[in-house]
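For reference, the structure is listed below as structure tokens.
In our numbering, the protein residues as written are -7 to 121.
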């Protein structure tokens, strides 16, 4: 069998879609354990997700002190949705040469829900999509 051909068993458990020289494999329930093992391939930099499943949602909060570290924010921000990551956004320096930290923070939540607000040290802050 040619190395580019798939076995009959593999063909029964997946659908291969070719589009613009890219290949996409859709896993059927019989292969869900194999699909789970493929969720993220660090070597190739690929991330897979199940169809119709939103793994993460992102929002932005503004006017956050520059002195707060990302680690500190992750510890003190409370929300109805599970917060799994924070990232301080950058802006252009006033002289146009390079980037500097801004007061805006990108929040990463698990799932497809984005909360309307979060709390930092008990203070309510609106989350923009």
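C-beta atoms are modelled at their ideal positions from N, C-alpha and C, and glycine is treated no differently.
Check                                                                                                                                      : Outcome
When DSSP builds the beta bridges, which residues end up paired with residue 111?                                                          : 70 and 116
According to DSSP, is residue 102 helix, strand or coil?                                                                                   : strand
When burial is assigned at 16 or more other CB atoms within 10 Å of the CB, is residue 99 buried or exposed?                               : buried
With distances taken between CB atoms, is the gap from residue 95 to residue 69 smaller than 8 angstroms?                                  : no
Can you tell which of 67, 71, 75 and 50 has its C-alpha closest to the C-alpha of residue 109?                                             : 71
At the level of alpha carbons, what is the spacing between residue 113 and residue 88?                                                     : 34 angstroms
Could you check where the beta strand (DSSP E) with residue 81 kicks off and where it finishes?                                            : 75 to 84
Any idea if residue 101 is buried or exposed, counting beta-carbon neighbours within 10 angstroms, 16 or more meaning buried?              : buried
Decide if residue 65 is buried, meaning its Cβ has at least 16 other Cβ atoms within 10 Å, or exposed.                                     : buried
On the CB-based measure, 16 or more other CB atoms within 10 Å of its CB, does residue 103 come out buried or exposed?                     : exposed
Suppose contacts are defined by Cβ-Cβ distances below 8 angstroms. Is residue 62 in contact with residue 80 by that definition?            : yes
Can you have a look at residue 77 and say buried or exposed, based on whether 16 or more other CB atoms are within 10 angstroms of its CB? : exposed
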